[in-house]
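Remarks on the structure that follows.
Protein chains: 2
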Amino acid sequence: MTTLTEENYIKAIYHLGKHGTENVSTNAIAQEMDTKASSVTDMVKKLAEKDLVNYKKYQGVSLTQTGVLTAVNIVRKHRLWEVFLVNKLNFSWDEVHDVAEQLEHIKSPKLIDELDAFLDFPTHDPHGDPIPDKDGHFSKLDKVKLSKVAVNTTCTCVGVDDSSSDFLKYLDKHNIALGSKIKVMATEPFDESITILINGVHLSVSKHVSNNLFVRAN
Amino acid sequence: MTTLTEENYIKAIYHLGKHGTENVSTNAIAQEMDTKASSVTDMVKKLAEKDLVNYKKYQGVSLTQTGVLTAVNIVRKHRLWEVFLVNKLNFSWDEVHDVAEQLEHIKSPKLIDELDAFLDFPTHDPHGDPIPDKDGHFSKLDKVKLSKVAVNTTCTCVGVDDSSSDFLKYLDKHNIALGSKIKVMATEPFDESITILINGVHLSVSKHVSNNLFVRAN
DNA sequence: AATAATTTTTAGATAACTCTAAAAATTATT
DNA sequence: AATAATTTTTAGAGTTATCTAAAAATTATT
Ligand SMILES: [Mn+2]
Ligand SMILES: [Mn+2]
Ligand SMILES: [Mn+2]
Ligand SMILES: [Mn+2]
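Note that the protein sequences, when read in sequence, are chains A and B. Residue numbers for the first sequence follow the UniProt record's numbering, so the first one is 1 and each next one is one higher. Residue numbers for the second sequence follow the UniProt record's numbering, so the first one is 1 and each next one is one higher.
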């Protein structure tokens, strides 16, 4: 059985190292989890003991097969709860993350699969991130950063890379949501800002925005 | 801020001492929580320090006003989650308790009130126990134990006193559910068992059953 | 290749919660 | 009222997860 703390470490390693496959440094984990490197070392030893991570002193850690499975299951729970909060409980997409951080640790063999069915087996969460199915398989959606889209092309917003509350609120304010049609009107070389057409309105957005919005070509 | 452990102690004191008003003994808490009396003493001191309980050495504990408020809020969360699990996620009434024990500790100012609205402000949980509203007020429902009902009277099942999985499954097996009409046909003095008519079927039930089924007169 | 800077680990301490065993207080029995 | 039984508290120690400070290993710079 994994503790809440162990699960959070597993999740951090999963997210930092390309789905847990790459080696992740002690410091990177410490930063991600807002803790000290010495604490990370302690926990990583414990996780290695439990065969959840591969660890060699000074060489960083990666997830074992069991570790990846554990991580994917937590991600599944997190994202399903986010869908529930937005679709059923009137949460906005900038409010769900903290609550999902708690709900993702609830242990029940039945709960998540029933929730999945109740939500009609969603494939993506409110931020456009894919939800793994019961067996851990992700539905691949080929998305591209808005900054890569050519001028005069229209595309559809399908996700965000930055899901900080501030960024999401900014998008809300300018009526940019998943499903929004965006036409790239112009790009400015000097500051890499771009002008887009959204809901009939012209809007100039910074490099940060275009680099953190995922779109699909139409 | 209350920890998960503190919340569980508060809840135990609330349930053992008539809504936290009566004094509860250290041993009673230890038994309820499946822990040692010495651990209870430690925690009770901590709770007294936080002004959640009234405590005098060797005299037992009761909840303060803040303690009652905390307890009622946990009970509210527990019962609302139980309704959610039964009404929305196809859980049966004998499966919900353990999951609700986990969910009741989720902290979110918005979550519970939205859940309450989503469930259409239920007044009772799947076991017939009242759900306090936002302000901690319980809707009183005058219920009586089936064992108190006179012969030849018909009544409606509105709750259970024993909500152990075994007892609930027994009720399921004999199609006794909240809302079921029950007519008391006969009482046997020698073992205090009674014969009831339910769904057109005659059934003899033990003293335990009649003492743990709440009914409302019709 | 030697030295400096950085990263990582170890050592030792602390906080929250738990336990066992012994001491103290209360309650029951004679 | 004295003694016995029970309950409750204290003392001391273990576990998990955290921290600071110092030591060791790795990586970068000269
Ligand atoms: Mn999230
Ligand atoms: Mn998300
Ligand atoms: Mn319950
Ligand atoms: Mn209940």
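Every residue, glycine too, gets a C-beta built ideally from N, C-alpha and C.
By how many angstroms is the C-alpha of residue j removed from the C-alpha of residue i?
i, j, result
"Thr195 (chain A)", "Asn211 (chain A)", "13 Å"
"Val205 (chain A)", "Thr66 (chain A)", "42 Å"
"Val96 (chain A)", "Ser193 (chain B)", "53 Å"
"Ser180 (chain A)", "Lys18 (chain A)", "28 Å"
"Asn23 (chain B)", "Tyr55 (chain B)", "9 Å"
"Met185 (chain B)", "Ser164 (chain B)", "26 Å"
"Asp162 (chain B)", "Val144 (chain A)", "57 Å"
"Asp98 (chain A)", "Ser147 (chain A)", "29 Å"
"Gln102 (chain B)", "Leu203 (chain A)", "46 Å"
"Thr41 (chain A)", "Leu89 (chain B)", "41 Å"
"Lys46 (chain B)", "Asp142 (chain B)", "37 Å"
"His124 (chain A)", "Val86 (chain A)", "12 Å"
"Leu69 (chain B)", "Val149 (chain B)", "35 Å"
"Ala30 (chain A)", "Thr5 (chain A)", "13 Å"
"Tyr14 (chain A)", "Asp34 (chain A)", "16 Å"
"Lys173 (chain A)", "Val201 (chain A)", "13 Å"
"Ile106 (chain A)", "Lys110 (chain B)", "18 Å"
Residue i by DSSP, collapsed to three states: which one?
i, result
"Ile112 (chain B)", "helix"
"Lys181 (chain A)", "strand"
"Ala150 (chain B)", "coil"
"His174 (chain A)", "coil"
"Thr70 (chain B)", "helix"
"Ile10 (chain B)", "helix"
"Gly20 (chain B)", "helix"
"Thr35 (chain A)", "coil"
"His137 (chain B)", "coil"
"Phe167 (chain A)", "helix"
According to the neighbour-count rule (16 or more other Cβ atoms, all chains shown, within 10 Å of its Cβ), is residue i buried or exposed?
i, result
"Ala71 (chain B)", "buried"
"Val215 (chain B)", "buried"
"Asp113 (chain A)", "exposed"
"Lys140 (chain B)", "exposed"
"Ser92 (chain B)", "exposed"
"Tyr58 (chain A)", "exposed"
"Pro189 (chain B)", "exposed"
"Glu82 (chain B)", "buried"
"Asp51 (chain A)", "exposed"
"Val160 (chain A)", "buried"
"Ser38 (chain A)", "exposed"
"Pro126 (chain B)", "buried"
"Gly136 (chain B)", "exposed"
Closest to residue i by CA distance: which of the options is it?
i, options, result
"Cys157 (chain B)", "B:Pro132, B:Glu188 and B:Leu197", "B:Leu197"
"Pro122 (chain B)", "B:Asp135, B:Phe84 and B:Val68", "B:Phe84"
"Thr2 (chain A)", "A:Met43, A:Ser38, A:His208 and A:Val24", "A:Met43"
"Asn8 (chain A)", "A:Lys57, A:Asn73 and A:Ser38", "A:Asn73"
"Thr187 (chain B)", "B:Glu22, B:Val151, B:Ile106 and B:Ala12", "B:Val151"
"Thr154 (chain A)", "A:Asn218, A:Arg79 and A:Ile10", "A:Asn218"
"Pro132 (chain B)", "B:Arg79, B:Lys36 and B:Ser38", "B:Arg79"
"Lys11 (chain A)", "A:Leu178, A:Val53 and A:Asp191", "A:Val53"
"Glu49 (chain B)", "B:Asp142, B:Leu63, B:Asp34 and B:Ala37", "B:Leu63"
"Asp191 (chain A)", "A:Leu69, A:His208 and A:Val201", "A:His208"
"Ala117 (chain B)", "B:Lys134, B:Pro130 and B:His105", "B:Lys134"
"Arg76 (chain B)", "B:Met33, B:Gly60, B:Asp129 and B:Asp34", "B:Asp129"
"Phe167 (chain B)", "B:His137, B:Phe138 and B:Leu213", "B:Leu213"
Chain-ordered residues of the region 41-74 of chain B with a beta carbon less than 8 Å from chain A: none
Could you run through the region 77-94 of chain B and flag, in chain order, every residue whose CB is less than 9 Å away from some CB of chain A? Leu85, Lys88, Leu89, Asn90 and Phe91
Pull out every residue of the region 95-109 of chain A whose Cβ sits closer than 9 Å to any Cβ of chain B, in chain order. Glu95, Asp98, Val99, Gln102, Leu103, His105, Ile106, Lys107 and Ser108
Residues in the region 144-174 of chain B having any Cβ partner in chain A nearer than 9 Å: The region 144-174 of chain B vs chain A, Cβ under 9 Å: nothing.
Check distances from the C-beta atoms of the region 113-126 of chain B to those of chain A and list, in chain order, the residues that come in under 7 Å. For the region 113-126 of chain B, which is checked against every Cβ of chain A, the residues closer than 7 Å are Glu114, Leu115 and Phe118.
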